[in-house]
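One structure is given below, encoded as structure tokens.
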């Protein structure tokens, strides 16, 4: 079995998971700090998904950190399958949530009647959507690395 | 190299590609038949992506059909890499377009002022979004099959 940078138990994977946790936490923070987000289904969906991505990324960052510190690489096929499946599901959901939020934001900002979205509030929502896209991008790197490792089994 | 059902050059792949072409054409038809879709960025994005998915799926359906009729399986690594890459890019874009359209539709339908989206028009947009999701679902099956075949090389 070849070693794949970014796969579970490596330093690159630890950095990617930390990045995912930070970006998804920022997305959740900026979205929930903008009062009234719960009026929009897309924003509620984003908050829900970010609420799932944060513990997932954080747990996997801990596992990676433990693996690096004890110098015991995780080469268990069952664990890798669960990680790949979880990553894939959350990856799809994150992209769907970030895209729908971006679509709604575009409509809110482009509308003639902007009373529903003052510039300051919309700015927070925009930062939240960007952070969700960044989290999704890092998640793609992790998913592909783990998929490569699994397929080389 | 093992044979994977759904990978390029097989009967299952031909059926999947035809399904993708039909669903994406329906999505494009229902969206463009609803006058005024160009006022919404998410709907324009969906139309653009469906305009890319249709020729891609149709071309691959033709290649699959040719491969089945001549009984010459396509086992060229270069072609498979291009198909996997194209599938992955279009898969991501289709999900993003369908999700953003669904988000915008939810906002339009749920809004108090429904003058921007009469029920008949919104119905067409909804069917278009559903068709795009179905096309994305079939595209996922094709992508995974081809990825499995490529990884078994």
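Chains as they are written, first to last, in my numbering: chain G, 1 to 153; chain S, 1001 to 1153. For glycine and all other residues, C-beta sits at the position ideal for the given N, C-alpha and C. As the structure is a prediction and not an experimental result, all values here were calculated from the model.
Residue i vs residue j beta-carbon contact at 8 Å
i: residue 95(G); j: residue 136(G); result: yes
i: residue 1080(S); j: residue 1012(S); result: no
i: residue 42(G); j: residue 100(G); result: yes
i: residue 1021(S); j: residue 1058(S); result: yes
i: residue 17(G); j: residue 145(G); result: no
i: residue 126(G); j: residue 105(G); result: yes
i: residue 1131(S); j: residue 1026(S); result: yes
i: residue 1023(S); j: residue 1134(S); result: yes
i: residue 1054(S); j: residue 1028(S); result: yes
i: residue 1067(S); j: residue 1124(S); result: no
i: residue 1090(S); j: residue 1052(S); result: yes
i: residue 36(G); j: residue 138(G); result: no
i: residue 49(G); j: residue 97(G); result: yes
i: residue 1004(S); j: residue 1148(S); result: yes
i: residue 1083(S); j: residue 1060(S); result: yes
i: residue 1039(S); j: residue 151(G); result: no
Reduced DSSP secondary structure (H/G/I, E/B, other) of residue i
i: residue 120(G); result: helix
i: residue 1063(S); result: helix
i: residue 1007(S); result: coil
i: residue 1074(S); result: coil
i: residue 1098(S); result: helix
i: residue 1019(S); result: helix
i: residue 143(G); result: helix
i: residue 132(G); result: helix
i: residue 1103(S); result: helix
i: residue 1125(S); result: helix
i: residue 1040(S); result: coil
i: residue 151(G); result: helix
i: residue 34(G); result: coil
Residue i beta carbon near the ligand ZN (any heavy atom closer than 7 Å)
i: residue 1104(S); result: The ligand ZN is not part of the structure shown, which contains no ligands of any sort.
**Item:** Residues in the segment 1021-1053 of chain S having any Cβ partner in chain G nearer than 7 Å
**Value:** 1040, 1041 and 1042
**Request:** Closer than 8 Å, Cβ to Cβ, to anything on chain S: give me those residues from the segment 73-86 of chain G, in chain order.
**Result:** none
**Prompt:** When Cβ atoms are compared, which residues of the segment 1134-1151 of chain S fall closer than 7 Å to chain G?
**Reply:** 1151
**Message:** Output needed in chain order: residues of the segment 3-14 of chain G with a Cβ under 8 Å from some Cβ in chain S.
**Reply:** none
**Prompt:** Just by C-beta distance, which residues in the segment 117-133 of chain G are closer than 9 Å to chain S?
**Reply:** Near chain S, meaning a CB-to-CB distance below 9 Å, no residue of the segment 117-133 of chain G qualifies.
**Asked** Taking Cβ-Cβ distances below 8 Å as the criterion, which residues of the segment 1057-1073 of chain S are in contact with chain G?
**Response** Within the segment 1057-1073 of chain S, no residue has its Cβ closer than 8 Å to any Cβ of chain G.
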